[in-house]
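Taking it in order: structure first as structure tokens, then the write-up.
There are 2 protein chains.
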Amino acid sequence: MAPRGRPRDAQVDERVLRIAAALIFERGYAGMSIDEVAEQAGVAKTTLYRRWPTKDHLAVAVVARLQEDDEITDTGDIRVDLVNYLDKIAAGLNRMRLAGHNQTPSAGVVGELVAAAAKHDDIGRLTREQYGRRNAIALALIERARLRGELRADLDAEALFDQLAGALYYRVIITGAPVDRAYAERLVASALEGNLTCH
Amino acid sequence: MAPRGRPRDAQVDERVLRIAAALIFERGYAGMSIDEVAEQAGVAKTTLYRRWPTKDHLAVAVVARLQEDDEITDTGDIRVDLVNYLDKIAAGLNRMRLAGHNQTPSAGVVGELVAAAAKHDDIGRLTREQYGRRNAIALALIERARLRGELRADLDAEALFDQLAGALYYRVIITGAPVDRAYAERLVASALEGNLTCH
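If you read the protein sequences in the order shown, they are chains Y and R.
Position 178 of the first sequence, counted from 1, bears residue number 177 in numbering that gives the first Met the number 0, the numbering being contiguous throughout.
Position 1 of the second sequence, counted from 1, bears residue number 0 in numbering that gives the first Met the number 0, the numbering being contiguous throughout.
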């Protein structure tokens, strides 16, 4: 049941983002338009354009909202926690890659969002801030594992997390290789155990 | 001195790609057009459009040509070889990121190319094939280090290389963080030495 009276902005935002997400996932990036979102949400187009000046701005807000749901669990076993978190990132990337029923190994919507962040300074800044906040949570997880002695005292947390998340993005955006839980497990094993011959 | 008579296709290609690269680096993606490249190269526009149907196709060919110059050296010390190679990749990414005198931490031209690969199936396929060939050379380097006992016998070469290259692309495309030789050294140390507490 919708609340009576004028809905608060946050509720309108939530509805708009849900409708925009549904259109993107059903039809792909090209199939979403601010005008249609406004119509389906029963909101004036001018209201939407005031909040999100272009379709790129709206699409980035959709992804930011979805990523908020990717919680990091801390079980006390860093391998498990990292695999779980990478698996969530991979699932989000796969969903965007397959949006609009994209059948190719192309990055799909992920590529459009990357271009939007490169093209609009404000979107780029928002995206980088958002990843900064998101990654700070992963870095804190790694730091706790370091403090309890599970990870090396002298580790480079930033390099470690860039390697893990970066490999997923690299496959989706650049090489087109698949990403899934099995791959997340390979990544975590490689990064934690290292690759030198044991002495 | 230009050779007399009708130049061979490869020479025309080389000249066209050089001119297109200069325009992209000087003015950014938006500042390069097939028409201007044709004029500067003294080649009929129709010839260029037959070879590269869109500006995206021409830009991807420019980058493919530049990447051919990134040779991998094999000194017998895998740390040195990986750092050198990542440093070359980082330099190429920085050059594209700064094209058109881009002053922001945005991905710049890298973002445009990612979008082109996501939008045009043929460009995506070409790009993925090109990265496949390029990465096979890095995987062979890792394999040689494994065979001579420098790296673990049971290593996962694909996961290792994805982590190294992926971290560079992740910073340039997603987080906007800088990439340079010092960062390449941090990455290689983290990936080779691992992150578990030593026992």
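Cβ coordinates follow ideal geometry from the N, Cα and C atoms, glycine included.
What residue from R/S32, R/L85 and R/Y28 has the CA that sits closest to R/L186's CA? Among R/S32, R/L85 and R/Y28, the Cα nearest to that of R/L186 is on R/L85.
Span separating the alpha-carbon of R/D34 from that of R/A40: Computed Cα separation, rounded: 10 Å.
Per the DSSP calculation, Y/L195 is bridged to which residue(s)? R/L150, per the DSSP bridge assignment.
So, R/A89 versus R/A188, is the Cβ gap smaller than 9 Å? Remark: C-beta atoms of R/A89 and R/A188 do not approach each other more closely than 9 Å.
Residues of its chain near R/P2, where Cβ-Cβ distance is below 8 Å and the 5 sequence neighbours each way are ignored: For R/P2, the predicted model reports a pLDDT of 47, less than 50, meaning its position is unreliable and no value from the coordinates is stated.
Are at least three pairs of beta-carbons, each pair with one atom in the stretch 53 to 64 of chain R and one in the stretch 117 to 130 of chain R, less than 8 Å apart? As far as the Cβ criterion goes, the stretch 53 to 64 of chain R touches the stretch 117 to 130 of chain R, which means the pair count is three or higher.
R/Q102 in three-state terms, based on DSSP: In the three-state reduction of the DSSP assignment, R/Q102 falls in the coil class, being assigned neither a helical nor a strand state.
Does DSSP put Y/D120 in a helix, in a strand, or in coil? Helix at Y/D120.
Check whether the stretch 157 to 168 of chain R touches the stretch 150 to 163 of chain Y, taking contact to mean three or more Cβ pairs, one atom from each stretch, closer than 8 Å. The stretch 157 to 168 of chain R makes contact with the stretch 150 to 163 of chain Y: 3 or more CB pairs, one atom from each, lie closer than 8 Å.
Take Y/Q102 as the anchor and find which of Y/D155, Y/E13, Y/R26 and Y/V59 has the nearest alpha-carbon. Ranking the options by Cα distance to Y/Q102, first place goes to Y/R26.
Are the stretch 147 to 161 of chain R and the stretch 128 to 139 of chain R touching by the rule of at least three beta carbon pairs closer than 8 Å? Output reads yes: the stretch 128 to 139 of chain R touches the stretch 147 to 161 of chain R.
Go ahead and pull the three-state DSSP assignment for R/M95. In the structure shown, R/M95 sits in a helix (DSSP, three-state: H, G or I).
Does the beta-carbon distance from Y/A60 to Y/L16 come in below 9 Å? For Y/A60 and Y/L16, yes; Cβs fall inside 9 Å.
Taking buried to mean at least 16 other C-beta atoms within 10 Å of its own C-beta, is R/V171 buried or exposed? In summary, R/V171 is buried, with 16 or more beta-carbon neighbours lying within 10 Å of its beta-carbon over all protein chains present.
In whole angstroms, what separates the C-alpha of R/L167 from that of Y/Y168? In this structure, the straight-line span from the alpha carbon of R/L167 to that of Y/Y168 is close to 11 Å.
Span separating the alpha-carbon of Y/D73 from that of Y/L146: Each residue's Cα considered, the two are about 14 Å apart.
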